[in-house]
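Novice:
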Amino acid sequence: FKRLKLNVDAKDELAEMGRTFNRMIELLESNFEKQEQFASNASHELKTPLTVIESYANLLKRKGLERPDLFAESVDAIHSEAIRMREMTEQLLLLAGSRNHWNMNPEALNLENLATEAADAFHKAYRRDVHVEAETPAHVVCDKSLLRQLLFIFLDNARKYSVEPIVVTVGSSGASAWIRIADRGIGIPKDDLPKVFDRFYRVDQARSRQAGGFGLGLSLVKEIADAIGADVELDSLEGVGTTATIGLPSAR
Ligand code: ADP
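Start counting the sequence shown at 200; every next residue gets the next number (UniProt numbering).
1. CB-CB under 6 Å to residue 292, same chain, minus the five flanking residues each way: which ones, in chain order?
2. So, helix, strand or coil for residue 483, using DSSP?
3. Let me know the alpha helix (DSSP H) ranges lying completely inside the region 225-301, each 4 residues or longer, listed in chain order.
4. Just the Cα atoms here: how many angstroms apart are residue 294 and residue 418?
5. DSSP on residue 423, reduced to helix/strand/coil?
6. Residue 443 bridges to which residues according to DSSP?
7. Helix, strand or coil for residue 308, going by three-state DSSP, please let me know.
8. Can we count residue 441 as close to the ligand ADP, meaning its CB is less than 6 Å from some heavy atom?
9. Between the Cα of residue 360 and those of 254, 441 and 397, spot the shortest distance and give me the residue it belongs to.
10. Contact defined as beta carbons within less than 8 Å: I believe residue 329 pairs with residue 367. What is the distance between those atoms, to the nearest angstrom?
11. Quick check on this structure: which residue in 390, 265 and 219 has the alpha carbon closest to the alpha carbon of residue 203?
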C-alpha cells in the first residue's frame, strides 16, 4: 500500500486529486488490516475447540474400549466443543454476510408482546427468569426476526454475566420507543466499555470463554442495529450491573 501512495505537495486540482487518492489508499489499507485481524482471530478461536476435539478423539481411539469412564467424558467434551464451534460459525456467517444478505420485512410490532415471547423462549432454553414490564404501550415498525436477535444477544449476555433475574422494560415517549434489558451482574469496567462492541473483544478472556462467549455478540448488535435503524446504548457499572437500551422510532 505504501508504494501506491503519491507524493503531492502542490496546491492545484491535480494535487487535490492525488490527496483524495492517498486517502482512498489509507482506507483500503486499514480495511485490509482489519480483515486480516478478523481472519486471524477467527482461526485462533476455532482452533481452540478443534484441539480439544482432536485430543479427546485420540484418547477415545487409544483407550475408549477399555475405559468406559473416559468414553463418557470424551463424548461429552466432543459434543459441547462441537456445539461451541457451530454457534461460533453461525455468528461468523452472520457477520460475514451482514446486511446485504439479511431479509428485511418491516412489520408493526408491539414491543411488550415481542419481549414476552422472547422471555418465554429464553426461559425454556436456559431456565432463567426474565421479568417483562411495560412502562407505557410501545409500538414500532421493524423486522421482527432481527429485533428478536438483538434482544436475544443482550439477554444472553445478561444470563452469562449475572445470576439474578433479568428485567426487560419496554416503553415509549414522544417519537421514540425502547426496550431496556437490565441485569445485576458483574458489570463492565469503565475503560472496557467503549471497546466491547469491537469484534472478538472480551473484558476477561478466560472468564468470558468459560461463560461460552466469543466476543462477537456485541459486534453483531452493532451491525443489526445499523441495519434496522435502531440506537443502542450500553450503561454499566462494575460490580453493580449492566443496562442495554434499544431505541427505535415509535410507530404511534
Ligand atoms: P461475548 O460473547 O464474549 O459475551 P460480546 O461481544 O457479547 O461477547 O461481549 C463482549 C464482552 O463484553 C464480553 O466478553 C463481556 O466481557 C462484556 N459484557 C457484555 N455484556 C455484559 C454484561 N451484561 N455484563 C457484564 N459484561 C458484559
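Glycine included, every Cβ here is placed at the ideal spot set by N, Cα and C.
Note that the structure is a prediction, hence the values are computed from the model and not measured.
Specialist: Looking at the atomic coordinates:
1. So the list is empty, once near-sequence residues are dropped.
2. As displayed, the chain neither begins before 200 nor continues past 451, which places residue 483 out of reach and without an answer.
3. Here the runs fully enclosed are 267-296.
4. Taking the straight line joining both Cα atoms gives about 8 Å.
5. Look at residue 423 here: in three-state DSSP terms it is helix.
6. BP columns for residue 443 point to 380 and 433.
7. Shown here, residue 308 sits in a strand according to DSSP, grouped into three states.
8. Yes, the beta carbon of residue 441 sits closer than 6 Å to at least one heavy atom of the ligand ADP.
9. Closest by alpha carbon: 441.
10. Cβ-Cβ separation between residue 329 and residue 367: approximately 6 Å, consistent with a contact (criterion under 8 Å).
11. For residue 203, the nearest C-alpha among the options comes from 219.
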